[in-house]
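**Q** Here the UniProt record's numbering is used: the first residue of the sequence shown is 1, the next is one more, and so on. Yeah, the Cβ is synthetic: ideal placement off N, Cα and C, and Gly gets one too. Note that the structure is a prediction, hence the values are computed from the model and not measured.
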Amino acid sequence: MIDYRGKRVLISGAASGIGRGLARAFAERGATLELLDRNDEALRTVVEELRPLADIEGASVDLGDSAAVGAYARQRGERPLHVLINNAGMEYVTPLEDASPEADARWQALLDNNVASMLRLTRALLPSLGAGSCVINQASIWGLKGVPGFSAYVASKHAVIGLTRSLAWELGPRRIRVNAVCPGWVGTDTAMHSLAVMATASGRSVRDELAQILSAQAVPELLTPADLAGTFLFLGSPLAAALTGQALSVSHGEVMH
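#1: S202 to F150, Cα distance in whole Å?
#2: What are the partner residues of S237, as DSSP defines its beta bridges?
#3: Out of E28, A31 and G13, point me to the one whose CA is closest to L43's CA.
#4: From the DSSP output, in three-state form, read off E61 for me.
#5: Got a sec? Which residues, its chain only, sit under 6 Å from W107 by beta carbon, not counting five neighbours each side?
#6: Near V69, which residues of its chain fall below 7 Å by C-beta distance, leaving aside the five closest residues on each side in sequence?
#7: Q212: buried (16+ other C-beta within 10 angstroms of its C-beta) or exposed?
#8: May I have a chain-ordered list of the alpha helix (DSSP H) segments no shorter than 4 residues that lie completely inside the segment 171–246?
#9: Figure out for me which residue from Y92, Q138 and V47 has the closest Cα to the Cα of P225.
#10: Can you tell me whether DSSP reads N113 as helix, strand or coil?
#11: Is it buried or exposed, S249, if we count other Cβ atoms within 10 angstroms and call 16 or more buried?
#12: In whole angstroms, what separates the C-alpha of P127 from that of G77?
#13: In chain order, what residues of the same chain have a beta carbon less than 8 Å from the beta carbon of I18, not counting five sequence neighbours either side?
#14: Can you say whether T158 is buried or exposed, counting buried as having 16 or more other CB atoms within 10 angstroms of its CB?
#15: Between L36 and V46, which are expected to be in contact by the criterion C-beta below 8 Å, what is the C-beta distance as a whole number of angstroms?
#16: Does the beta-carbon distance from G253 to V83 come in below 9 Å?
#17: Could you give the distance in angstroms between the alpha-carbon of A25 and the alpha-carbon of T244?
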């Protein structure tokens with residue numbers, strides 16, 4: 001059992017889905033938690049749910065707003081931070097043939113939310129990241145392959161992996177590790193919405209689309225947020241002291257590299 005007692009862990013996008021699952025996993029192992037999300041109501045629910053397990057605080061922060069991120073960093077001060085998990089992100093379809101006036105804005109907004117927000121938060125919290133600390137960025141197996149119709153999301157996750165590798169070099173001399181996790185199909189609301197979009201595009205039922213997806217996995221099952229937690233717990237611990245600049249695929253074998 002990896003022990004996080006005495007360690008402070010910050011998770012963005014913690015109010016739902018994978019982020020919520022990660023918050024519980026770290027709370028159960030004694031971490032002091034700082035949870036960020038722009039959905040204030042949902043975040044308060046998670047904080048109250050986990051309060052019996054952990055020393056925990058939550059803050060509603062729009063990571064797309066540099067001023068808001070800076071204000072949060074100043075408010076929290078330079079309390080040592082041992083693990084920063086950049087989990088916040090969005091996922092939606094951006095078909096190439098969409099020539100609507102909003103298409104470019106939607107494309108740019110997704111990259112800003114999924115990539116630039118990680119850079120903003122990491123930069124703002126850098127004074128709190130000392131030797132032995134680490135950053136874990138949420139990528140995707142779609143950052144390792146191409147998928148039709150989701151070009152902005154796929155590009156953003158490729159960019160997250162590139163950002164991870166560059167920051168690993170930049171922060172290595174400070175003894176700060178930077179890695180990425182690339183989940184496969186997790187049964188979150190966001191993923192199930194994308195599944196429905198893909199089913200519509202292929203002309204298959206959602207059930208048949210899911211069966212097609214799972215057939216590409218060595219273990220043909222949907223992942224859960226709890227399935228991912230072990231990888232994050234490992235990467236944030238001294239057991240992973242020699243790992244930096246890595247993009248670990250956690251996908252039931254859909255991507256092997």
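**A** Working from what's here:
#1: 14 Å
#2: BP columns for S237 are empty, so no partner.
#3: G13
#4: First, the amino acid is wrong: residue 61 is Val here, not Glu. Note: V61 maps to coil in three-state DSSP.
#5: T94 and A152
#6: V61, L63, R120, L121 and A124
#7: exposed
#8: 189–202, 206–214 and 225–235
#9: Q138
#10: helix
#11: buried
#12: 9 Å
#13: N87, Q138, P183, V186, T188, P225 and L228
#14: Here residue 158 is His; the residue named in the question, Thr, does not match the sequence. Looking at its Cβ environment, which holds 16 or more other Cβ atoms inside 10 Å, H158 is buried.
#15: Not really, about 11 Å apart at Cβ, beyond 8 Å.
#16: no
#17: 22 Å
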